[in-house]
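Notes to accompany the following structure.
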Amino acid sequence: MIDYNRQILALNDVGLEKLVREWVDKQTNKYKSVKRFAGAGDMGRDVVGFSTEQKHESRWDNYQCKQYNKSLPTATSILEIGKIIYFSHQGNFILPENYYFVAPKGVNRNLEKYIYNPSSFKKILLDEWDNYCREKITSSFPVELTPELIEHIENFNFSSIQIIDLDTIVSDQTFRPVLVNWFGGELPQGTLETDVPDEIQSHESNYIKEILAAYSDKDKNVYPTYKDIKGHSSFEIDFDMQRERFFSADAFKHLYRDNTFQKYTEQLEKQVFMGVHPSLMNEYDNGYQRMCSVLSQAANIEPTGKLSANASVMVKQGYCHHFVNGGKFKWIK
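Counting from 1, position 256 in the sequence shown corresponds to residue 256 in UniProt numbering; the numbering is continuous, with no gaps.
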């Protein structure tokens with residue numbers, strides 16, 4: 001079993017930033033784009049998630065990564081907050097919507113008290129500016145606490161400061177695929193919710209057309225639309241099962257597209273494709289036989305890779321209908 005705690009703690013500063021950047025990049029429901037600001041001149045930014053296309057001119061979050069061999073000190077954190085507020089005051093960007101300290105070792109008790117009491121964080125920054133920030137924000141000149149800067153500090157939402165420690169990283173389900181990608185291990189089993197709509201959807205047209213053609217090829221009757229198989233002793237039930245397979249694969253692809261890496265879903269899809277292709281190319285009396293043979297073969301495929309344990313029989317069979325939908329397969333030669 002992979003010890004993620006040990007692996008994360010073994011990362012250097014740059015490694016932690018890259019790990020966090022990959023995690024933020026996966027949060028497509030929150031961010032339009034991600035940028036890692038490395039080295040001198042970062043103006044208090046490490047990893048930034050931009051919520052809109054306007055980037056720094058609109059909502060954004062800052063992930064400040066601190067890989068220390070002890071808990072994050074109070075002085076370091078106050079300086080970092082002072083820095084981001086100062087450079088925002090200088091017009092480089094608007095204030096961040098959320099500010100995260102990514103500190104695997106956590107923060108010290110004193111800093112924790114300030115973070116969980118936002119008004120006290122603001123007070124210590126204002127009262128102790130000369131001690132924590134004045135000479136440390138830039139080496140070029142001291143940064144004086146002017147009335148204008150005080151007003152900008154007052155405008156900062158200190159309740160937006162949050163802690164992401166080792167426990168948070170390891171337990172966060174959105175972080176797990178990144179940890180698996182970096183260090184190995186197994187992906188968590190996702191909750192697959194297969195919702196088969198009553199009405200045929202526009203993106204189903206190709207594979208449904210091929211299914212109806214396969215039915216026609218079997219019993220030599222013409223079925224122009226799915227409504228024409230209503231009441232059929234075999235095809236009506238079979239058709240419903242085929243749609244359930246299609247939407248099982250559809251739900252699977254969406255679930256793991258959003259929660260893991262594209263290379264894993266592509267690897268699984270390729271293995272299913274390669275596994276059923278010989279069955280597709282065999283000779284059959286009709287297209288219905290070909291479809292049934294291919295689906296049977298799909299059920300027996302035992303793929304390898306990160307998603308192998310997550311792909312059910314219906315998902316693997318549903319991929320075949322997706323191949324048809326994409327023009328890769330046809331049931332009628």
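No residue lacks a Cβ here, since even glycine has one placed at the ideal position from N, Cα and C.
Where residue i falls: helix, strand or coil (DSSP)
i: N206; result: helix
i: Q64; result: strand
i: N98; result: strand
i: V196; result: coil
i: L145; result: coil
i: V222; result: coil
i: Q90; result: coil
i: I332; result: coil
i: M274; result: helix
i: L255; result: helix
i: S234; result: coil
i: T28; result: coil
i: I150; result: helix
i: D167; result: helix
i: F246; result: helix
i: L268; result: helix
i: P188; result: coil
i: A311; result: coil
Within 8 Å, strictly: CB atoms of residue i and residue j
i: E19; j: L11; result: Before going on, a small fix: residue 19 reads as Leu here, not Glu. Their beta carbons are under 8 Å apart, which means L19 touches L11 by this criterion.
i: S17; j: V47; result: The sequence as given places Glu at residue 17; Ser does not occur at that position. Yes; because the gap between Cβ atoms is below 8 Å, this pair is in contact.
i: I137; j: Y68; result: no
i: T174; j: K26; result: yes
i: I84; j: G44; result: yes
i: D130; j: E97; result: no
i: R243; j: V196; result: yes
i: S279; j: S293; result: yes
i: R257; j: M314; result: no
i: K230; j: E236; result: yes
i: F247; j: T194; result: yes
i: L187; j: L255; result: no
i: Q267; j: G318; result: no
i: L179; j: Y63; result: no
Rounded distance between the beta-carbons of residue j and residue i, thought under 8 Å
i: Y207; j: H321; result: 4 Å
i: N181; j: F261; result: 6 Å
i: P118; j: S88; result: With a Cβ gap of about 17 Å, P118 and S88 do not count as contacting.
i: L298; j: V276; result: Residue identity differs from the one stated: residue 298 is Ala in this sequence, not Leu. So it is a contact: roughly 5 Å between Cβ atoms.
i: I78; j: I124; result: 7 Å
i: V107; j: S71; result: 6 Å
i: S51; j: Y31; result: 6 Å
Beta-bridge pairing of residue i - partner residues as DSSP gives them
i: S33; result: F50
i: Q162; result: Y100
i: L179; result: Paired residue(s): none; L179 is not in a bridge.
i: V107; result: L72
*Do three or more CB pairs link the region 91-105 to the region 199-212 at distances below 8 Å?*
no
*Determine, using beta-carbon pairs with one atom in the region 161-179 and one in the region 214-231, whether at least three such pairs fall under 8 Å.*
no
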